[in-house]
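Mapped onto this note's numbering, the consecutive letters of the sequence shown carry residue numbers 1 to 188. Just so it is clear, CB atoms sit at the ideal spot from N, CA and C, and this is done for glycine as well. Everything numeric in this text was worked out from a predicted model, so none of it was measured. See below for the structure under consideration.
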Amino acid sequence: MTRIGIILGSTRPNRNGEQVAKWVHDIAVSRTDAEFELVDLRDYPLPHLDEPLPPTMGQYQNEHTKKWAEKIASFDGFVFVTPEYNHSTSGVLKNAIDYLYTEWNNKAAGFVSYGGVGGARAVEHLRLVAGELQMADVRQQVALSLMTEFENFSVLKPGEYNVQAVGTLLDQVVAWSDALAPLRAPAA
Ligand SMILES: Cc1cc2nc3c(=O)[nH]c(=O)nc-3n(C[C@H](O)[C@H](O)[C@H](O)COP(=O)(O)O)c2cc1C
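Next comes the structure, spelled out in structure tokens:
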């Protein structure tokens with residue numbers, strides 16, 4: 001069964017990201033074409049990158065890196081749930097991404113963002129990062145404005161349009177995760 005990780009890219013107290021990631025996960029688990037798991041970066045506390053060798057070499061020394069690598073390696077594709085911080089993604093998500101390399105390669109990536117303008121600028125940065133990691137980023141994006149999709153900027157009340165957009169995004173992530181499977185097969 002295809003496995004998709006939904007990565008919650010915010011760890012701060014009072015984060016809005018938890019509601020967003022749980023909403024995506026709740027929609028996802030009603031599907032039968034893949035398994036979906038919510039991955040909360042709070043459960044993978046990573047210091048600022050502290051591996052002595054570049055991630056492209058895959059020779060991880062630290063237990064926290066090995067645990068993170070094992071989790072990410074178990075997926076075929078991802079939905080990144082990202083806030084917008086200073087016109088980019090969160091530092092904690094970028095740091096978690098930087099820790100690994102092969103574990104991201106040849107997998108699909110979709111983005112759900114939120115912020116003043118729906119987190120659109122955070123996702124533009126993440127798409128550049130995805131390219132370097134040999135990830136296939138799907139076109140559909142879910143961008144939740146704090147002004148219209150949240151009450152008091154803090155209670156998620158997504159419109160029907162965005163529920164449908166999550167469905168399309170998951171369609172695309174699962175399809176590309178499956179299509180890239182031959183590239184992920186271990187070399188003979
Ligand atoms: C450090 C920081 C920087 C932010 N910068 C932006 C920004 O550049 N653009 C924007 O639209 N919202 C910005 N915001 C608002 C966040 O997108 C909003 O607070 C969101 O809920 C943060 O996600 P979180 O609650 O899951 O941490 C910023 C918030 C923080 C904490």
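> Smallest Cα separation from G167: which of V79, A181, N106?
Replying inline: Counting from 1 along the sequence shown, the entry for residue 167 is found at position 167. Among V79, A181, N106, the Cα nearest to that of G167 belongs to V79.
> Is I7 helix, strand or coil when you go by DSSP?
Replying inline: As a working mapping, residue 7 is identified with position 7 in the sequence shown. The answer is strand: DSSP assigns I7 an E or B state.
>> Just to confirm before moving on: does the CB-CB distance between G77 and A122 stay below 8 Å?
In response: To locate residue 77, count along the sequence shown from 1; it is residue 77. To locate residue 122, count along the sequence shown from 1; it is residue 122. Against a cut-off of 8 Å, the Cβ pair of A122 and G77 comes out as no contact.
>> Just to confirm, is the Cβ distance from A58 to E37 under 8 Å?
In response: Against the sequence shown, residue 58 aligns to sequence position 58. Against the sequence shown, residue 37 aligns to sequence position 37. The question names Ala, but residue 58 in the sequence shown is Gly. No, the pair does not count as a contact, with Cβ atoms beyond the cut-off.
>> Relative to the C-alpha of D50, which candidate in Q61, D43, T32 has its C-alpha closest?
In response: Taking the first residue of the sequence shown as 1, we reach residue 50 at position 50. Of the candidates Q61, D43, T32, the one whose C-alpha sits nearest the C-alpha of D50 is Q61.
>> What I want to know is whether the C-beta of R15 ends up closer than 7 Å to one or more non-hydrogen atoms of ligand 1.
In response: The residue given as residue 15 occupies position 15 in the sequence shown. Yes, the Cβ of R15 comes within 7 Å of a heavy atom of ligand 1.
> Looking only at its own chain, which residues have a Cβ that is under 8 Å from the Cβ of K22, when we skip the five neighbours before and after it?
Replying inline: What you label residue 22 is simply residue 22 of the sequence shown in a count that begins at 1. Taken in chain order, the residues that qualify are L38.
> Which ranges does the beta strand (DSSP E) cover as unbroken runs of at least 3 residues, wholly within the region 15-74, from first to last along the chain?
Replying inline: 35-40
>> Quick check: what's the CA-CA separation for E149 versus G91?
In response: Taking the sequence shown and counting its residues from 1, the one referred to as residue 149 is at position 149. Taking the sequence shown and counting its residues from 1, the one referred to as residue 91 is at position 91. Those two C-alpha atoms are separated by around 24 Å.
> Would you call A34 buried or exposed, if buried means 16 or more other Cβ atoms sit within 10 Å of its Cβ?
Replying inline: The residue given as residue 34 occupies position 34 in the sequence shown. Buried: at least 16 other Cβ atoms inside 10 Å.
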